[in-house]
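This note's numbering puts the first residue of the sequence shown at 9, with every later residue one more than the last. All C-beta atoms, glycine included, are put in the ideal place defined by N, C-alpha and C. A short write-up of the structure that comes next.
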Amino acid sequence: MSRPNGIDHPQPHTATVLDESDEQHRRVLAALRADPATEFIDTLAQQRDTLSRLRTPDAAELQNEAPRWVHYPWRRTVVAVLGPRSFATLRLDRNRNLITAAEQARLSGLRVGVVGLSVGHVIAHTIAMQGVAGFLRLADFDELELSNLNRVPATLLDLGVNKAVIAARRIAELDPYLPVDALTDGLTPDDLDQFFDGLDVVIDECDSLDMKVVIREAARERGLPVLMSTADRGLLDVERFDLDTQLPILHGLLRGIDSAQLAGLSTRDKIPHMLRFVDIARSSARGAASMLEVNSTLTTWPQLAGEVVLGATAVVEGVRRIGLGEPLPSGRTRIDVAAALDDLRPPPPPADLPTPSAAREVVPQDAVLAVAAAAARAPSGGNTQPWHITTGIGSVTVRIAPERSSRMDVGFRASAVALGAAVFNARVAAAASGHTADVRIDEHLTDGCPLQATIRLSPGSVPDLASLYGPMLDRGTNRNHGTGGSLDPAAAEALRSVTDHEGATLRLITDRGDIEAAGRLMAAADRVRYLTADLHREMISELRWPGDADQDTGIDILGLGIDRNDLVLLEILRRPDVMAWLADWDAGHGLGDDTFDKVSSSSALAVVSIDGDSLTDYARGGAATEAVWIAAEQQGLGVQPMSPVFLYAHDSTDLADLSATFAEELHGLQTAFHRLAGTVGLRHALVLRLSDAPQPSTRSRREAYPRNMVEV
């Protein structure tokens with residue numbers, strides 16, 4: 009077969025890629041256009057339009073790549089296609105991220121040989137379609153017959169054509185840039201070098217047991233892996249001669265017989281070896297029965313197209329793993345679809361989510377117990393309640409519980425904020441019972457406790473605090489979206505006043521652009537939390553699903569401010585394997601979208617800060633935070649605490665301990681947030697999102713007395 013103007017067509021399966029920037033190629037194209045029997049197909053505009061919509065970093069650059077024309081002489085057709093880089097990017101785009109762009113590039117260097125192009129046709133075509141090889145060599149001496157069309161994806165127009173040529177043509181029509189060799193004389197012991205030269209993986213789908221042994225001996229000698237599938241109960245066979253050149257051929261199933269010995273056996277004497285090789289004891293009943301009918305009522309072993317396609321799926325996955333260096337041992341397995349269908353079961357029905365209750369807990373009548381119960385009502389990160397509360401005669405003690413700390417609780421600073429909020433609640437409850445509260449805070453006790461607050465009650469009147477008792481008991485987290493309305497100046501002044509009274513500093517972010525900027529910073533920090541394995545594990549451990557054993561700590565998923573129909577997304581977000589892949593791809597940039605949306609819907613962000621580094625300072629900040637929270641709710645605002653990952657980090661060491669991979673990014677986010685909030689030089693106790701939002705339907709529960717309180 010030849011091409012116009014003297015350009016030879018070297019093989020009957022090869023398409024010619026023509027570049028109009030090449031003078032000789034232009035002459036070829038002109039001759040083809042002048043041939044009335046040649047059809048031109050041009051869908052470049054559509055291809056470029058689709059390319060322009062890809063979400064890849066180099067999509068714009070690829071638009072400038074010159075297109076090509078591809079001549080398929082067996083079809084008398086010339087097709088316009090994108091240039092090689094653009095073509096590969098667009099054609100394989102729907103592989104991402106099941107196969108990443110980097111993995112695809114690595115696989116493009118893999119060279120695969122396939123022997124036997126009946127079953128092997130589907131395998132070779134799937135390898136090409138999935139882009140898991142950059143070169144294919146196909147070997148088969150046989151020509152297509154009508155009886156092959158039950159499993160070979162060819163057509164009546166291909167009858168009488170060599171099977172390797174048919175497969176190669178079909179691959180060329182899929183990807184004209186993929187090099188394919190077709191050895192139409194098949195494979196014999198005399199031309200092994202021609203077939204094996206330069207290959208990385210060998211796939212055996214030939215019919216002859218003798219050649220199967222020859223192929224494996226040659227592959228073992230060259231250190232090449234061999235994969236094979238058989239179309240009965242999904243048998244996949246893998247021999248990793250690339251990892252161990254001492255492996256026995258066919259896993260030793262031939263009992264040490266080599267190709268020379270096998271060649272000397274009669275057809276009848278080979279049957280026991282063939283039966284062991286195909287694992288006849290585990291074959292399907294129909295398959296085993298059919299074997300008894302070969303040369304009687306059947307001419308050959310039967311195969312079904314569905315089984316062939318299934319086998320191709322398994323083999324191609326094996327090739328992908330080998331190409332990427334992923335685990336794939338030598339051995340055999342079965343992917344038995346029939347058995348799986350026999351085991352069909354209806355899925356369990358989705359669990360009904362309970363109707364949440366917002367009932368207030370019973371308040372103890374005893375003053376000391378009421379103070380202790382109020383302390384236990386304080387907010388804490390993830391509602392972990394990181395304290396031990398004990399009651400004595402006229403006193404309540406709140407101690408940080410180190411065993412309830414987390415990675416984000418850097419240096420117990422978050423726990424100290426929670427303890428400070430508990431102390432504020434205790435003071436309010438004491439005032440409501442007609443007492444004053446004398447508070448003593450001690451750090452780094454000799455028993456290892458990081459921080460302890462002791463509240464001693466004395467008769468007395470503190471009307472301002474006493475008036476907060478009801479609002480304190482009603483305080484809760486509102487994670488619903490706000491309306492984005494502005495913060496009333498009078499409300500802002502009230503919040504500043506209570507913060508000053510507790511010895512802390514309040515910065516209110518009220519400018520719409522600044523609120524959105526803060527939302528972007530917090531969303532980016534949330535992404536880090538999702539993508540850092542320990543942080544993600546701790547975050548998910550804080551959530552409580554209906555039916556969980558411990559409902560008195562953590563955050564009820566019904567209180568997350570997520571539509572009930574969207575809660576199913578949590579099943580994805582809670583999976584560490586999913587987050588690990590996103591981290592590996594440096595992806596997951598939408599993980600913080602909900603945070604951004606909620607922050608952007610806020611009326612203001614209240615940043616409570618302190619001037620000091622000690623745990624006592626953080627406890628003071630916690631008291632101020634609780635005071636601001638209660639005051640904000642009195643102003644009709646919904647309040648949600650926001651704890652970006654970097655909140656309690658003091659230096660680069662702290663940030664690296666939080667997330668070594670993202671430490672530099674966290675430093676940038678922390679610095680930007682300090683500048684935005686005007687808190688450079690201060691430490692953050694907590695950030696509160698203030699919004700005009702509908703009331704939440706769920707309140708976080710608390711551990712009940714005496715579980716987290718001990719009388720002494």
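Since residue i contacts residue j with CB under 8 Å, what's their CB separation in whole angstroms?
i    : j    : result
R710 : Q373 : With 8 Å as the limit, R710 and Q373 do not qualify as a contact, their Cβ atoms being about 18 Å apart.
A162 : A190 : With 8 Å as the limit, A162 and A190 do not qualify as a contact, their Cβ atoms being about 14 Å apart.
V140 : E213 : No, V140 and E213 are not in contact; Cβ-Cβ is about 17 Å, not under 8 Å.
G402 : R464 : 6 Å
V506 : A639 : 5 Å
S609 : H489 : 4 Å
N486 : V647 : 6 Å
Q654 : L645 : Looking at the sequence itself, residue 654 is Phe, so the reference to Gln does not match. About 25 Å separates the two Cβ atoms, so there is no contact after all.
V78  : A23  : 5 Å
L207 : L232 : 6 Å
V221 : S267 : 4 Å
Distance check for residue j and residue i, CA to CA, integer angstroms please.
i    : j    : result
L270 : N156 : 28 Å
T305 : S298 : 9 Å
I15  : F143 : Unreliable placement is indicated for I15, whose pLDDT of 49 sits below 50; the coordinate value is still reported in the next sentence. Between I15 and F143, the C-alpha separation is close to 23 Å.
N303 : P310 : 12 Å
L251 : P280 : 29 Å
Q254 : R224 : 12 Å
V324 : I288 : 24 Å
R707 : E641 : 14 Å
R520 : P704 : 24 Å
D43  : V86  : 11 Å
M9   : N170 : Residue confidence is low: M9 scores 33 on pLDDT, short of 50, so the model does not pin down where it sits. Its coordinate-derived value is still stated next. So the alpha carbons of these two residues sit roughly 16 Å apart.
A383 : H396 : 10 Å
P714 : R104 : Because the pLDDT of P714 is 45, which lies under 50, any placement of that residue in the model is unreliable, and the number read from its coordinates should be weighed accordingly. C-alpha separation (whole angstroms): 54 Å.
D30  : L40  : 15 Å
L578 : T491 : 25 Å
D27  : F48  : 15 Å
N13  : Q32  : Note that N13 scores 41 on pLDDT, short of 50, meaning its location in the model is unreliable; the coordinates nonetheless yield the value given after this. So the alpha carbons of these two residues sit roughly 8 Å apart.
A532 : A498 : 32 Å
L476 : V425 : 20 Å
S166 : Y80  : Per the sequence presented here, residue 166 reads as Asp, with Ser not at that position. Taking the straight line from one Cα to the other gives about 15 Å.
A109 : P92  : 15 Å
R329 : T97  : 21 Å
S116 : L106 : 16 Å
D700 : T462 : 37 Å
R552 : R545 : 13 Å
Name the two residues that bound the continuous alpha helix (DSSP H) containing residue i.
i    : result
G314 : 313-332
G493 : Looking at the DSSP string, G493 is not in any alpha helix (DSSP H), and its letter there is neither H nor E.
R520 : 520-539
T603 : 601-608
P478 : The sequence given here places Gly at residue 478; Pro does not occur at that position. First-last of the alpha helix (DSSP H) with G478: 477-482.
R421 : 421-440
R35  : 31-42
W589 : 584-592
I724 : Residue numbering for the chain in the displayed model covers 9 to 720; residue 724 lies beyond these limits and cannot be assessed.
L568 : Careful: L568 lies outside any alpha helix (DSSP H) and carries neither H nor E.
A67  : 67-70
What residue does the beta strand (DSSP E) around residue i start on, and which one ends it?
i    : result
F48  : 47-50
G646 : 646-650
A190 : 188-191
H692 : 691-699
R178 : Where R178 is concerned, there is no enclosing beta strand (DSSP E), although the alpha helix (DSSP H) it sits in stretches over 171-182.
V25  : 24-26
R340 : 339-342
Just grab the DSSP bridge partners of residue i for me.
i    : result
R707 : According to DSSP, which records beta bridges pairwise, R707 is partnered with nothing at all.
Q460 : R407, D450
I563 : L551
V615 : R515, V695
E151 : N170
H443 : P467
V302 : L306
L146 : V122, A190
* Asked: For the region 344-401, which segments carrying the beta strand (DSSP E) assignment without a break, of at least 3 residues, lie completely within its bounds, in sequence order?
  -> Counting only runs of 3 or more, we get 395-400.
* To do: Would you mind listing the beta strand (DSSP E) stretches within the region 202-274 that are 3+ residues and don't spill past its ends, in chain order?
  => For the region 202-274, whole beta strand (DSSP E) runs of length 3 or above, ordered along the chain, are 209-212, 234-238, 243-247.
* Asked: Which runs of the alpha helix (DSSP H) fall wholly inside the region 76-144 and span at least 4 residues, in chain order?
  -> You should have 92-99, 109-115, 127-138.
* Asked: In chain order, which beta strand (DSSP E) runs of at least 3 residues are fully inside the region 617-677?
  -> List check, beta strand (DSSP E) in window: 646-650.
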